[in-house]
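Following: one structure in structure tokens, then a few remarks.
2 protein chains.
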Amino acid sequence: MLSQAEFLQALRGVLGEAGLLCEGDLSSFEQDWRRRYEGRALAIARPADTAQVAAVVKLCAAYGVGLVPQGGNTGLVGGSTPDATGEQLLLSLCRMKQVRAIDAANLTMTVDAGCVLQAVQDAAAEQGLLFPLSLASEGSCTIGGNLASNAGGTQVLRYGNARDLCLGLEMVTADGEIWNGLSGLRKDNTGYDLRHLFVGSEGTLGVITAATLKLYPSPKAQTTALAACDSLDAAVNLLVLAQSRAGASLSGFEVMNAVSLGLVKKHFPQLQQALALSPWTVLLELSDTESEAHASAMFESLLEAALEAGVISDAAVAASQAQSQAMWHLRESIPLAQAQEGLNVKHDIALPVSAIPSFVTGTDTTLKAVFAGVRLVNFGHLGDGNLHYNVQAPEGVPAKEFLSQHETAINQIVYDAVAAHGGSFSAEHGIGQLKRAELAARKDPVALHMMRAIKNALDPKGLMNPGRML
Amino acid sequence: MLSQAEFLQALRGVLGEAGLLCEGDLSSFEQDWRRRYEGRALAIARPADTAQVAAVVKLCAAYGVGLVPQGGNTGLVGGSTPDATGEQLLLSLCRMKQVRAIDAANLTMTVDAGCVLQAVQDAAAEQGLLFPLSLASEGSCTIGGNLASNAGGTQVLRYGNARDLCLGLEMVTADGEIWNGLSGLRKDNTGYDLRHLFVGSEGTLGVITAATLKLYPSPKAQTTALAACDSLDAAVNLLVLAQSRAGASLSGFEVMNAVSLGLVKKHFPQLQQALALSPWTVLLELSDTESEAHASAMFESLLEAALEAGVISDAAVAASQAQSQAMWHLRESIPLAQAQEGLNVKHDIALPVSAIPSFVTGTDTTLKAVFAGVRLVNFGHLGDGNLHYNVQAPEGVPAKEFLSQHETAINQIVYDAVAAHGGSFSAEHGIGQLKRAELAARKDPVALHMMRAIKNALDPKGLMNPGRML
Numbered sequence: 016m017l018s019q020a021e022f023l024q025a026l027r028g029v030l031g032e033a034g035l036l037c038e039g040d041l042s043s044f045e046q047d048w049r050r051r052y053e054g055r056a057l058a059i060a061r062p063a064d065t066a067q068v069a070a071v072v073k074l075c076a077a078y079g080v081g082l083v084p085q086g087g088n089t090g091l092v093g094g095s096t097p098d099a100t101g102e103q104l105l106l107s108l109c110r111m112k113q114v115r116a117i118d119a120a121n122l123t124m125t126v127d128a129g130c131v132l133q134a135v136q137d138a139a140a141e142q143g144l145l146f147p148l149s150l151a152s153e154g155s156c157t158i159g160g161n162l163a164s165n166a167g168g169t170q171v172l173r174y175g176n177a178r179d180l181c182l183g184l185e186m187v188t189a190d191g192e193i194w195n196g197l198s199g200l201r202k203d204n205t206g207y208d209l210r211h212l213f214v215g216s217e218g219t220l221g222v223i224t225a226a227t228l229k230l231y232p233s234p235k236a237q238t239t240a241l242a243a244c245d246s247l248d249a250a251v252n253l254l255v256l257a258q259s260r261a262g263a264s265l266s267g268f269e270v271m272n273a274v275s276l277g278l279v280k281k282h283f284p285q286l287q288q289a290l291a292l293s294p295w296t297v298l299l300e301l302s303d304t305e306s307e308a309h310a311s312a313m314f315e316s317l318l319e320a321a322l323e324a325g326v327i328s329d330a331a332v333a334a335s336q337a338q339s340q341a342m343w344h345l346r347e348s349i350p351l352a353q354a355q356e357g358l359n360v361k362h363d364i365a366l367p368v369s370a371i372p373s374f375v376t377g378t379d380t381t382l383k384a385v386f387a388g389v390r391l392v393n394f395g396h397l398g399d400g401n402l403h404y405n406v407q408a409p410e411g412v413p414a415k416e417f418l419s420q421h422e423t424a425i426n427q428i429v430y431d432a433v434a435a436h437g438g439s440f441s442a443e444h445g446i447g448q449l450k451r452a453e454l455a456a457r458k459d460p461v462a463l464h465m466m467r468a469i470k471n472a473l474d475p476k477g478l479m480n481p482g483r484m485l
Numbered sequence: 016m017l018s019q020a021e022f023l024q025a026l027r028g029v030l031g032e033a034g035l036l037c038e039g040d041l042s043s044f045e046q047d048w049r050r051r052y053e054g055r056a057l058a059i060a061r062p063a064d065t066a067q068v069a070a071v072v073k074l075c076a077a078y079g080v081g082l083v084p085q086g087g088n089t090g091l092v093g094g095s096t097p098d099a100t101g102e103q104l105l106l107s108l109c110r111m112k113q114v115r116a117i118d119a120a121n122l123t124m125t126v127d128a129g130c131v132l133q134a135v136q137d138a139a140a141e142q143g144l145l146f147p148l149s150l151a152s153e154g155s156c157t158i159g160g161n162l163a164s165n166a167g168g169t170q171v172l173r174y175g176n177a178r179d180l181c182l183g184l185e186m187v188t189a190d191g192e193i194w195n196g197l198s199g200l201r202k203d204n205t206g207y208d209l210r211h212l213f214v215g216s217e218g219t220l221g222v223i224t225a226a227t228l229k230l231y232p233s234p235k236a237q238t239t240a241l242a243a244c245d246s247l248d249a250a251v252n253l254l255v256l257a258q259s260r261a262g263a264s265l266s267g268f269e270v271m272n273a274v275s276l277g278l279v280k281k282h283f284p285q286l287q288q289a290l291a292l293s294p295w296t297v298l299l300e301l302s303d304t305e306s307e308a309h310a311s312a313m314f315e316s317l318l319e320a321a322l323e324a325g326v327i328s329d330a331a332v333a334a335s336q337a338q339s340q341a342m343w344h345l346r347e348s349i350p351l352a353q354a355q356e357g358l359n360v361k362h363d364i365a366l367p368v369s370a371i372p373s374f375v376t377g378t379d380t381t382l383k384a385v386f387a388g389v390r391l392v393n394f395g396h397l398g399d400g401n402l403h404y405n406v407q408a409p410e411g412v413p414a415k416e417f418l419s420q421h422e423t424a425i426n427q428i429v430y431d432a433v434a435a436h437g438g439s440f441s442a443e444h445g446i447g448q449l450k451r452a453e454l455a456a457r458k459d460p461v462a463l464h465m466m467r468a469i470k471n472a473l474d475p476k477g478l479m480n481p482g483r484m485l
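Those sequence lines, one after another, are chains A and B.
Sequential numbering of the first sequence, starting at 16, is according to our numbering.
Sequential numbering of the second sequence, starting at 16, is according to our numbering.
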């Protein structure tokens, strides 16, 4: 107790009054936004700069206090809320939100970890440049959290995951040292790639305090189309055709099954659906460096070829920016429609694109046989093999009860099938608290052994985001 | 001695007669191709498959024998030849050269580590697909070596380094376990990214035995142009213009100074130079997913705009595949012309693109002031900030003598300037033996400390490629 009071006193010395919250309603820090994880923090540290982060981590190391870094607190796996002990220090990066530098000729930007993703996008756009990472929570998630969790989103097909958009990092290590790896270099073969080790490590190896990000010239036009496919096989064929014709211009390729769009129709009847409901609807996006006209012509010829080859049965190209946005809005309304419909079991899985049709057919069949009337809400980023394969209770069956009875069995069936098809049980959401047992059970034991060795080497006291991932 | 004989006996049991070389002329394994590193191996192990690699590593661990993995032995930093003690086992992966699988719909290929890069390219091309990694030694380097050293080459601007083209790895760890991480997934957030840690680790953490690689649809057209610039500033402006107009179609952007092309003219007078010698010549390449005609039109409009803006003073677009090849041949002849001219001090450096003009102007001036008449052969991959900034003795001065007197001082000047401009002293060639002292002296101490901790955690006995990198 004495030492706890001492610790808080020392923290206050480092952070000042504004930088340390110990009292009042701290629930916005202690609870995740979906209210699935609720903990209690010893205190909330809100450092103003990297030196303060380092000083806080040094104090944690000295007093043996576990540290939970937090950005926008928008994660889906409980990676950034404290546990229930009241002994973990929550480190909020949200006061560190400066854009440190933009280098237009080098196509890079250096930002503090606490920058909100949308602010990063906006700062790039002001220079006529694009920071392509884009996800539903972009208005509140931070770039530090995006990197710590290697966020994905809708533009991965063209630009890669968060890790692919990061050229350099500034980190505070578990013993409170500052590593300045803020390189704007596209080639640097001077030793192990620490950047890639820390990206996606969910705060378990240290605290990301800043990053140098890749930018791209803004495309001259961005346009969208919907296409109707009779099967997932056809959707995969459409992807192959689109990639071979449009190359890197193809920046989005989302798939939605009839159940997904049916739920949108039910709960958001005001949303226009440009195509009649078909087994599978694909949303394609082209980002064109030339012009609107060039993008439209490419879409016309691609979709005509797909129609002729019998790959699609119908298509609609957005005629305006507003129509493009409406198509994306349709896609983005699925999770909300699902929430309206009731609780469901979510799976954020990745598969080789070629394995997706067989995975879905097989797993649909198994689940429907075991749980009569179960509804499969299946949508996601087909272009990079990432499905949100969600299982909703049968119509009329109370969702909460269904879940509490069957969630474990459903997960088992789905994750076993994912493994059998060479897939991953966490494509873009990470491990956090939610999938820790899954990781221990399903990850290759040799890989797990190496991961634990690395964790022990870089955080021997086990104070960095304890209880997450490993 | 007894234990050495026992060790060899045990190795023979694992590998068979064909898999173990102990006698005869082993110089092709013991010496690098530039003859800068010559060692003596205890023996050459030539495993036929991953299980044999694992068994060999287990024996090395049991007997405390250091292991030097080798692919095509084409490296430039002495990373894959044994030391002089005669106590290190050389592990050649060259018998492991199967293409294990190609998944066209998933755009992936899984290959043994010993596959020659060109064989990988060819296997992709047979399916109408592209494996874009491309470098001068592609006819003999292996994909395992490319990944261990994170090779770069001429297509990095569009497709990234070797690491960016790798989705999964199979590895043998330092204690002889096999990690099967041969994923063909574009998203997988289940723990630390071990793949990125091993890529570029130069065999110091384990042995890469196979990899799953990214493929791309083959472009419909690939075409090339040369442009003359009065300054490096202008060349950077041309890059910005080309990226904003051509986006991902821009697959090559090489720069060559007048000294470089002058040496080519001198030693290979038969090679046609389409443009008169100017201070800087840029080679641009477009890879177009539509057609020849589309690529040509894009070049015409880009170069016209550049001429009008005063960014370039002249340009020539290749009118045929043969002319494109001739332009690339010109670029690729620079190192040969340099070799004809005599020994020189090579620097494989990376800088933020925006810092290149100031770096070159400043460093040229300093070197010329200190070493009167020195010749700066400067060329490289400007598009990704990677210069081969080589220093040749003054005309008429014996190169060998000049080097032995001044190499250290020259390196000091160049690398100090690189550091001052936020650059890297090894862009694509790696560390190996050559730049080990440089790494120890110049790498951020916090990063070095973490690298050593990781090395100790994953190779506690220090048997994996000892004496390299760290």
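Heads up, the beta-carbon is just placed ideally off N, CA and C, and yes, glycines get one too.
My understanding is that A:S306 touches A:P234, with C-beta atoms under 8 Å, so please give their C-beta distance in whole angstroms.
That pair is no contact at about 10 Å.
Can you find a CB in chain A that lies within less than 8 Å of the CB of B:P232?
Flagged as an interface residue toward chain A: B:P232, by a C-beta distance shorter than 8 Å.
Is DSSP giving A:K229 helix, strand or coil here?
Note: A:K229 maps to strand in three-state DSSP.
Name the two residues that bound the continuous alpha helix (DSSP H) containing B:M6.
Because chain B is modelled from 16 through 485, residue 6 of chain B falls outside the range shown and cannot be assessed.
Contacts of A:R5 in chain B (Cβ-Cβ under 7 Å):
No information on residue 5 of chain A is available, as it lies outside the stretch 16 to 485 that chain A covers here.
Which stretch, first to last residue, makes up the alpha helix (DSSP H) that contains B:A334?
First-last for B:A334: undefined, no H or E at that position.
For A:T378, report the span of its alpha helix (DSSP H) as first-last.
Taken as a continuous stretch (DSSP letters only), the alpha helix (DSSP H) holding A:T378 covers 371 to 385.
Determine, for A:G206, whether the minimum Cβ-Cβ distance to residues of chain B falls below 8 Å.
When Cβ-Cβ separations below 8 Å define contact, A:G206 makes contact with chain B.
Between A:N393 and chain B, is there a C-beta pair that is closer than 8 Å?
Closer than 8 Å: no.
Coil, strand or helix - A:H396 by DSSP
Residue state, collapsed to three classes: strand.
Buried or exposed: where does A:C181 fall if 16 or more other Cβ atoms within 10 Å of its Cβ makes it buried?
Burial check for A:C181: the Cβ neighbour count within 10 Å reaches 16 or more, so the residue is buried.
Quick check on the burial criterion: 16 or more other C-beta atoms within 10 angstroms. Buried or exposed for B:R210?
Residue burial annotation: B:R210 is buried, with at least 16 other C-beta atoms found within 10 angstroms of its C-beta.
So which residues on chain A does B:A462 lean against when the C-beta distance must stay under 8 Å?
Listed along chain A are W194, G196, G206, L209, each with a C-beta nearer than 8 Å to that of B:A462.
Under 8 Å by Cβ, that's how I've got A:A138 and A:L145 pegged, so tell me the actual separation to the nearest angstrom.
The distance from the Cβ of A:A138 to that of A:L145 is about 11 Å, inconsistent with a contact at the 8 Å cut-off.
Contact list for A:D203 against chain B, beta-carbon separation under 8 Å
Per Cβ cutoff of 8 Å: A365, S439, S441, A442.
Residue-chain proximity (A:A263, chain B), Cβ-Cβ < 8 Å
A:A263 counts as touching chain B.
Using a Cβ cut-off of 7 Å, which residues of the segment 321 to 343 of chain B contact any Cβ in chain A, in chain order?
Listed by position, the residues of the segment 321 to 343 of chain B near chain A (Cβ gap below 7 Å) amount to none.
Roughly how many whole angstroms lie between the Cα atoms of B:P84 and A:T123?
One C-alpha to the other measures close to 36 Å.
Using a Cβ-Cβ distance under 8 Å, would A:D399 count as near chain B?
Judged by the 8 Å Cβ criterion, A:D399 is in contact with chain B.
Do you know offhand how far A:A236's Cα is from B:D363's?
Straight-line spacing of the CA atoms in A:A236 and B:D363 works out to 38 Å.
Distance between A:G206 and B:G447 (C-alpha atoms, nearest Å):
Taking the CA atoms as reference points, B:G447 sits about 10 Å from A:G206.
Which runs of the alpha helix (DSSP H) spanning at least 4 residues fall entirely within the segment 180 to 240 of chain A, listed in chain order?
Scanning the segment 180 to 240 of chain A for uninterrupted alpha helix (DSSP H) segments of 4 residues or longer gives 209 to 213, listed from N- to C-terminal end.
Using a C-beta to C-beta distance shorter than 8 Å, which residues of chain B count as neighbours of A:D459?
Chain order gives the chain B residues near A:D459 as W194, N195, G196, where near means a beta carbon separation below 8 Å.
Buried or exposed: B:E323, going by 16 or more other Cβ atoms within 10 Å of its Cβ?
The residue in question, B:E323, is exposed, as its Cβ has fewer than 16 Cβ neighbours within 10 Å.
Taking just the CA atoms, how far does B:S107 sit from B:R49?
Going by C-alpha positions, B:R49 is about 18 Å away from B:S107.
Own chain, CB closer than 6 Å to B:Q285, minus 5 neighbours either side, in chain order:
Its chain contains no residue whose beta carbon lies nearer than 6 Å to that of B:Q285 once the 5 sequence neighbours on both sides are disregarded.
Between the Cα of B:Q427 and those of B:T381, B:Q288, B:G93, spot the shortest distance and give me the residue it belongs to.
Nearest C-alpha to B:Q427: B:T381.
Tell me whether A:D248 sits in a helix, a strand or coil according to DSSP, three-state version.
Residue state, collapsed to three classes: helix.
Determine the closest residue to A:V80 out of A:G87, A:G86, A:V71, with distance taken between C-alpha atoms.
If we check each option's Cα against that of A:V80, A:V71 comes out closest.
Going by the CB atoms, is the gap between A:T188 and A:G215 shorter than 8 Å?
One thing to note: A:G215 has its Cβ no nearer than 8 Å to the Cβ of A:T188.
Please tell me whether A:T157 and A:A128 are closer than 8 Å, where the distance is taken between their beta carbons.
At a Cβ-Cβ threshold of 8 Å, A:T157 and A:A128 count as neighbours.
Whole angstroms are fine: how far does the CA of B:C109 sit from the CA of B:L30?
Cα to Cα, the separation comes out at about 14 Å.
Kindly say whether B:M484, judged by its beta-carbon, lies nearer than 8 Å to any beta-carbon of chain A.
Interface annotation, B:M484: in contact with chain A, CB-CB separation under 8 Å.
Using a Cβ-Cβ cut-off of 7 Å (strictly less than) and excluding sequence neighbours within five positions of A:G93, which residues of its own chain qualify?
Excluding residues up to 5 positions away in sequence, D47, R51, Y52, G447, Q448, L449 lie with their Cβ nearer than 7 Å to the Cβ of A:G93 in the same chain.
Best match in A:C130, A:S43, A:M111 for proximity to A:N88 [C-alpha to C-alpha]
By alpha-carbon distance to A:N88, the top candidate from A:C130, A:S43, A:M111 is A:S43.
Would you kindly report the start and end of the unbroken alpha helix (DSSP H) that includes B:E319?
Per DSSP, B:E319 belongs to the alpha helix (DSSP H) from 307 to 323.
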